[in-house]
Amino acid sequence: MKDKRKQRNINLDTDKYELETLELIYSEANERLSQTFISFRANRNTSFIAIGIYFSILSFSANELVDMEYAKSDILYLLLALSMIISFAVLYKNILPAGMTVPGCEPKKLIHRHYEQFSEKNQLKQYYKIRLIDLNEGILKNTNEVHKGSKRLRLSISLAVVLVTLALFIYLLLFI
21 MKDKRKQRNI NLDTDKYELE TLELIYSEAN ERLSQTFISF RANRNTSFIA IGIYFSILSF
81 SANELVDMEY AKSDILYLLL ALSMIISFAV LYKNILPAGM TVPGCEPKKL IHRHYEQFSE
141 KNQLKQYYKI RLIDLNEGIL KNTNEVHKGS KRLRLSISLA VVLVTLALFI YLLLFI
């Protein structure tokens, strides 16, 4: 079985770094990966809170539409409900499972014949090399997911505020 990691373009020359330096780089990269994962979870939690608020307004609007006979305020509740549906649609992807890279590594990735050919010190450097490449890819992937999720969250909240304001303005303009 071929090691897929050997096929990657690896630009890290471990001979230029001391083992302690590689340990420091690994520690910092692992911390950065952990922080991107924490940011992702915070973004997702905030998305769930926003969705809870959207559905509260949506259910209130639906309740008002069902409970009342036709009234002028129906248009307001209809616009509010539509605003919340649009805001939720923008945010929907934030609550779906995402392919995040979590800190750590499975032992099966590190136990491989490829590493047996190196001396103990060089073997450890090779492990660091592969893990640093994995961490770098994970950090880039997680950062990209966090940025996309944050952008959707900001857009959704902005839309909700603008659309609710617009609904109130339309209602006031038409009926008062």
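Counting in my numbering, the sequence shown runs without a single skipped number right up to 196 at its last residue.
Ideal Cβ positions, reconstructed from N, Cα and C, are used throughout, including at glycine.
It should be emphasised that the depicted structure is a prediction, and the values quoted were computed from it without experimental measurement.
For the alpha helix (DSSP H) assignment, the uninterrupted runs of no fewer than 4 residues enclosed by the segment 96 to 131 are, from N- to C-terminal side, 127 to 130.
Here the C-alpha atom of Asn162 lies approximately 32 Å from the C-alpha atom of Leu102. Assigned with DSSP and collapsed to three states, Asn142 falls in helix. If you look at Gln55, you'll find it in the alpha helix (DSSP H) that goes Leu39 to Asp87. Contact between the segment 62 to 76 and the segment 99 to 118 is present: 3 or more CB-CB pairs across the two stretches fall below 8 Å. In the displayed model, Ile196 falls within coil according to three-state DSSP, outside both helix and strand. Residues Leu100 and Met104 of the same chain have their beta carbon placed closer than 7 Å to that of Ile77, with the five preceding and five following residues left out of the count.
The alpha-carbon of Arg151 is positioned some 16 Å away from that of Asp35.
Rounded to whole angstroms, Arg172 and Leu111 show a C-alpha spacing of 6 Å. Looking only at Arg174, Asp94 and Val122, the smallest Cα-Cα distance to Thr56 is reached by Val122. Inclusion of Tyr191 and Ile106 in the CB contact set at 8 Å is not warranted, their separation being larger than that value. For Ser170, the closest of Leu42, Arg64, Phe138 and Arg52 by C-alpha to C-alpha distance is Arg64.
The Cβ-Cβ distance between Glu48 and Met120 does not fall below 8 Å.
Gln137 and Gln143 have their alpha carbons spaced roughly 8 Å apart. In the three-state scheme derived from DSSP, where H, G and I count as helix and E and B as strand, Asn31 is classed as coil. Scanning Thr66, Tyr147 and Lys92 for the CA closest to the CA of Pro127 turns up Tyr147. Measuring C-alpha to C-alpha distances from Leu53 to each of Glu157, Leu179 and Ile196 identifies Glu157 as the nearest. Note on geometry: alpha-carbon atoms of Leu32 and Ile45 lie some 12 Å from one another.
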